[in-house]
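Undergrad: First, the structure itself, so that you have it in front of you.
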Amino acid sequence: MPPGYQPASRAPIATSMHAFIGAALVLVLGLSATLCGMLWNRNRLIAAAHLRLDAQMERFQRDISQRFIQPVYGLKGARGTIAALQGKIDRATFRSYVESRDLPTEFPGVRGFGFAPLVRRDQLDEFIASQRADGAPQFTVRTRGDAPDLYVIAYVEPLSQNFPAWGFDLGSETVRRRAIEHAIRTGDATLSAPVPLVQDSHHGPGFLALVPVFRDGSDPVDEAQRRQALLGMLYAPLVADEILAGLKDPLAEPMDFRLVVDDGDGTEDLLLDSHSGIQPLNASPDSLPDFSDRLISGERRLRIGGRDFRLEAAKSVAYERTVIDAAGWGLGLSGTVATALLAFTAWLLLAGRERAQALADAMTIDLQRLALDQEAMLDNDLVGIAKLRDRRIVWKNRALDRIFGYGADELLGQPARLFYLDDASYATIGEQAYPALQAGGHFRSALQMRRKDGSTVWIDLNGVALPGARNEDLSLWLMVDITQSKAYEQAVEQAAFHDALTGLPNRILLGDRLQHTLAAARRHEHGLAVAYLDLDGFKAINDTHGHDAGDEVLKAVAQRLTDGIRASDTAARLGGDEFVLVLSPVSGLAETQPILERVLRAVMAPIRLSSGVTVQVGSSIGVAHFPTDGEEADALMSLADQAMYESKRGGRCRIRLLAGSQAPVIVDLKADAMTAGMPTPPGLQ
Numbered sequence: 102m103p104p105g106y107q108p109a110s111r112a113p114i115a116t117s118m119h120a121f122i123g124a125a126l127v128l129v130l131g132l133s134a135t136l137c138g139m140l141w142n143r144n145r146l147i148a149a150a151h152l153r154l155d156a157q158m159e160r161f162q163r164d165i166s167q168r169f170i171q172p173v174y175g176l177k178g179a180r181g182t183i184a185a186l187q188g189k190i191d192r193a194t195f196r197s198y199v200e201s202r203d204l205p206t207e208f209p210g211v212r213g214f215g216f217a218p219l220v221r222r223d224q225l226d227e228f229i230a231s232q233r234a235d236g237a238p239q240f241t242v243r244t245r246g247d248a249p250d251l252y253v254i255a256y257v258e259p260l261s262q263n264f265p266a267w268g269f270d271l272g273s274e275t276v277r278r279r280a281i282e283h284a285i286r287t288g289d290a291t292l293s294a295p296v297p298l299v300q301d302s303h304h305g306p307g308f309l310a311l312v313p314v315f316r317d318g319s320d321p322v323d324e325a326q327r328r329q330a331l332l333g334m335l336y337a338p339l340v341a342d343e344i345l346a347g348l349k350d351p352l353a354e355p356m357d358f359r360l361v362v363d364d365g366d367g368t369e370d371l372l373l374d375s376h377s378g379i380q381p382l383n384a385s386p387d388s389l390p391d392f393s394d395r396l397i398s399g400e401r402r403l404r405i406g407g408r409d410f411r412l413e414a415a416k417s418v419a420y421e422r423t424v425i426d427a428a429g430w431g432l433g434l435s436g437t438v439a440t441a442l443l444a445f446t447a448w449l450l451l452a453g454r455e456r457a458q459a460l461a462d463a464m465t466i467d468l469q470r471l472a473l474d475q476e477a478m479l480d481n482d483l484v485g486i487a488k489l490r491d492r493r494i495v496w497k498n499r500a501l502d503r504i505f506g507y508g509a510d511e512l513l514g515q516p517a518r519l520f521y522l523d524d525a526s527y528a529t530i531g532e533q534a535y536p537a538l539q540a541g542g543h544f545r546s547a548l549q550m551r552r553k554d555g556s557t558v559w560i561d562l563n564g565v566a567l568p569g570a571r572n573e574d575l576s577l578w579l580m581v582d583i584t585q586s587k588a589y590e591q592a593v594e595q596a597a598f599h600d601a602l603t604g605l606p607n608r609i610l611l612g613d614r615l616q617h618t619l620a621a622a623r624r625h626e627h628g629l630a631v632a633y634l635d636l637d638g639f640k641a642i643n644d645t646h647g648h649d650a651g652d653e654v655l656k657a658v659a660q661r662l663t664d665g666i667r668a669s670d671t672a673a674r675l676g677g678d679e680f681v682l683v684l685s686p687v688s689g690l691a692e693t694q695p696i697l698e699r700v701l702r703a704v705m706a707p708i709r710l711s712s713g714v715t716v717q718v719g720s721s722i723g724v725a726h727f728p729t730d731g732e733e734a735d736a737l738m739s740l741a742d743q744a745m746y747e748s749k750r751g752g753r754c755r756i757r758l759l760a761g762s763q764a765p766v767i768v769d770l771k772a773d774a775m776t777a778g779m780p781t782p783p784g785l786q
């Protein structure tokens, strides 16, 4: 060994190894954190997209149901007209009813209304002869098979659009016969399986909406009684391509969807696809790709008129790529770059402290940029997001400012109470939400909240708990403005539960209110009265002055009924010129009679039409009381209906008040009208 020789130092080798291990550790931890961030951000976006898709499907489901149910209201109005005529319908009367309805506006997709009476095969020749005598000398019947009962389309309007169906036996075709049998079994409106319609030149799928008509005065409660009392079937042909047209128009965001329908024999048919439109009859759901491979998809089941539908929907592939995947990979790329820089910085710190400071400064800037990028992803314009600590706002995005009308920094540090309408709603949400969040679940609710200017806004509120320090209450809340969808929902409900002409509650809403009123009457032990009335002399006004005049009379009578009753009472229109009043509370005849006398006098007052002509109608009223005459809604309605017909047969412009086991009380105001000098309208003499 030469003099002065010194072994080479091993320190640089050890230092390089330490730097490599430290940089590798930083790289692994950084990539792990980036991956977790990617997954969290992706799952957050997927969850928000699922919420929006679910809200869209709910609105979509209501829209589809309304389109199929709306024609039933028109058919039930026709059934009320037939009942008013005690089942003696003729061709001119049926045509008048259909012409009184604006089919394209009230019932889009409906090609007309028809009535198919029940005809026994051994009475077929007699039936044909009666139809020819009723202004249809060319009438003939087309049927096949040997079924003992036929359902022949005797009346169908507009006849020019439905002439090929005139005289056709609905019961001679399997699908239509199956729908008729279902309507008889249930006694309610029925929707047939998809069938070809002669009214559709494109020969696409269509449906028949069927409403059974029973003998006047009968109240069948089981299948045997319904078959015994059946007069026939009211029906409406529905062209699928027209009744389902424009479904996407009210949607806030586009989505792909399919509508599948049960064809009645255990299989399903694909009815509608959002890309290719209405499908041919008997198209298999497997004929087009479904959404099983979509990331964001859902399914809803509907039952309309005894027919099962299945709605499938999904966000588009383009949405998944441009929103979900792009958000995840964008964060991943930023995180990977930042992690690589951080690992390199760590290596530099361990390998040479003299160069570390400059690189650390650059890394700090990159990390700040990454944080800003992540915050920008959360700071969108659609979904308001707020982070709360002990129900105070510690972070929020700009969408929250926009939704509630606040400036950029006004909400920070503020209590969440300022969003709520009152202390009670604030306390209720706290009691319902936070136990669920603390248990590891989430909370969702739709409620009205308050903006800065005091106006209200409907909010879809979703909350989840966030990890924090011990005993620290951290939560993240997503808020979506659903005011427009709520307004659309209210408009649909208005159309579904109110009469289109008068604005009064229709038969469906009347039934619901009567059930609630009966429950209150039982609970508080007070009485109520159900008054069934129709107009005397109304048909003469229609025949003399036209249906527009008739509509004016109906609206005037509806307003007089509303003005004549109390705030706690209900006035409803069943269809045609039939109305029902529910008076509650009442103590008995002594309280009911003055109210109805006042109402009848108001109805009998002259009505000046927009044409300048003055007309007058009367009314026959039948009244049943709870609990002396009946304790159930159907029984009270039936007794009041029968009492109304007795009143009409007794001389018109009368009130017949049932009094349990005692004799009915009769009030005759026709003489009062004549004494006051009022001209007696046609039909009241």
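For the sequence shown, the numbering used here gives the first residue as 102, with consecutive numbering after it. Heads up, the beta-carbon is just placed ideally off N, CA and C, and yes, glycines get one too.
Quick check: does the Cβ of residue 576 come within less than 6 angstroms of any heavy atom belonging to the ligand GDP?
TA: What this structure holds is no ligand at all, so the ligand GDP is not there to describe.
Undergrad: With DSSP run on the structure shown, which of helix, strand or coil describes residue 497?
TA: Of the three classes helix, strand and coil, the one that applies to residue 497 here is strand, per DSSP.
Undergrad: For residue 259, which residues of its own chain have a beta-carbon under 6 angstroms away from its beta-carbon, when the five flanking residues on both sides are left out?
TA: Result list for residue 259: 213, in chain order.
Undergrad: Closest by CA to residue 561, which one among 591, 702, 551, 581?
TA: Checked all of 591, 702, 551, 581; the closest Cα to residue 561 is 581.
Undergrad: Measure the Cβ-Cβ separation of residue 750 and residue 703 and say whether it is below 7 angstroms.
TA: In this structure, residue 703 does not lie closer than 7 angstroms to residue 750 by Cβ.
Undergrad: In the DSSP assignment, find the unbroken beta strand (DSSP E) run with residue 722 in it and report its ends.
TA: It spans 719-727 - the beta strand (DSSP E) in which residue 722 sits, taken as one unbroken run.
Undergrad: Per DSSP, residue 715 forms a beta bridge with which residues?
TA: BP columns for residue 715 point to 709.
Undergrad: Out of 439, 574, 741, 550, point me to the one whose CA is closest to residue 492's CA.
TA: Checking every option, the nearest Cα to that of residue 492 belongs to 574.
Undergrad: Hey, residue 721 and residue 753: beta-carbon distance below 7 angstroms or not?
TA: Contact flag set, yes.
Undergrad: What is the rounded straight-line gap between the Cα of residue 667 and the Cα of residue 331?
TA: The alpha-carbon atoms of residue 667 and residue 331 are separated by roughly 38 angstroms.
Undergrad: Just the Cα atoms here: how many angstroms apart are residue 121 and residue 448?
TA: Each residue's Cα considered, the two are about 6 angstroms apart.
Undergrad: When burial is assigned at 16 or more other CB atoms within 10 Å of the CB, is residue 603 buried or exposed?
TA: With 16 or more other Cβ atoms within 10 Å, it is buried.
Undergrad: When the Cβ atoms of the stretch 331-344 are set against those of the stretch 197-215, are three or more pairs found closer than 8 angstroms?
TA: Contact between the stretch 331-344 and the stretch 197-215 is present, because at least three Cβ pairs lie under 8 angstroms.
Undergrad: Quick one, are the C-beta atoms of residue 360 and residue 372 less than 7 angstroms apart?
TA: Closer than 7 angstroms, so yes.
Undergrad: As an exercise, report each continuous beta strand (DSSP E) stretch of at least 3 residues that is fully enclosed by the stretch 273-318, in chain order.
TA: List check, beta strand (DSSP E) in window: 306-315.
Undergrad: Roughly how far, in whole angstroms, is the beta-carbon of residue 691 from the beta-carbon of residue 682, given that I think they are within contact range, below 8 angstroms?
TA: The Cβ separation is near 17 angstroms, so there is no contact.
Undergrad: Assign residue 267 to buried or exposed, taking buried as 16 or more other Cβ atoms, counted over all protein chains shown, within 10 Å of its Cβ.
TA: So residue 267 ends up on the buried side.
Undergrad: Report all residues from its chain with a CB closer than 8 angstroms to the CB of residue 328; omit the five preceding and five following residues, and keep chain order.
TA: Closer than 8 angstroms at the Cβ level, and outside the excluded window around residue 328, lie 285.
Undergrad: For residue 638, which three-state DSSP category applies?
TA: Coil.
Undergrad: When you compare each of 760, 717, 363, 538 to residue 411 by their alpha carbons, which one comes out closest?
TA: When each option's Cα is compared against that of residue 411, the closest is 363.
Undergrad: Taking 8 angstroms as the cut-off, does the stretch 222-239 touch the stretch 158-173 (at least 3 CB pairs, one atom from each stretch)?
TA: They do not touch, by the three-pair rule.
Undergrad: Can residue 176 and residue 337 be called in contact, C-beta distance under 7 angstroms?
TA: Yes, Cβ-Cβ distance for residue 176 and residue 337 is below 7 angstroms.
Undergrad: Please tell me whether residue 390 has its Cβ less than 7 angstroms away from any Cβ of chain B.
TA: Given the protein chain composition of this structure (a single chain), no chain B is represented.
Undergrad: Given residue 417, which residues of its chain have a CB within under 8 angstroms of its CB, disregarding the five upstream and five downstream residues?
TA: So the list reads 355, 356, 357, once near-sequence residues are dropped.
Undergrad: Rounded to whole angstroms, what's the CA-CA distance from residue 387 to residue 139? Just pull it up for me.
TA: Cα to Cα, residue 387 sits roughly 35 angstroms from residue 139.
Undergrad: Alpha carbon to alpha carbon, what distance is there between residue 507 and residue 322?
TA: Near 60 angstroms, if we compare the C-alpha coordinates of residue 507 and residue 322.
Undergrad: Determine, using beta carbons only, whether residue 718 and residue 638 come nearer to each other than 7 angstroms.
TA: Yes.
Undergrad: With a Cβ-Cβ cutoff of 7 angstroms, do residue 403 and residue 488 count as a contact?
TA: Contact: no.
Undergrad: Going along the chain, which residues of its own chain have a beta-carbon closer than 8 angstroms to the beta-carbon of residue 812, five neighbours each way excluded?
TA: Outside the displayed span of the chain (102 to 786) sits residue 812, for which this structure offers no information.
Undergrad: May I ask you to list the residues that DSSP assigns as paired with residue 533?
TA: None, per the DSSP bridge assignment.
Undergrad: Using the C-alpha atoms, what's the distance from residue 275 back to residue 263?
TA: Whole-angstrom Cα-Cα distance: 21 angstroms.
Undergrad: Determine which residues share a DSSP beta bridge with residue 563 and list them.
TA: Residue 563 is bridged to 545, 579.
Undergrad: For the beta strand (DSSP E) containing residue 677, name the first residue and the last one.
TA: No beta strand (DSSP E) contains residue 677, which DSSP labels as neither H nor E.
Undergrad: So what does DSSP say about residue 379, is it helix, strand or coil?
TA: In this structure, residue 379 counts as strand in the three-state DSSP scheme.
Undergrad: Below 7 angstroms between beta carbons: does that hold for residue 315 and residue 292?
TA: Not closer than 7 angstroms, so no.
Undergrad: Who are the near neighbours of residue 243 in its chain, counting only those whose CB is closer than 7 angstroms to its CB and skipping five residues on each side?
TA: Excluding sequence neighbours, residue 243 sits near 268, 269, 270.
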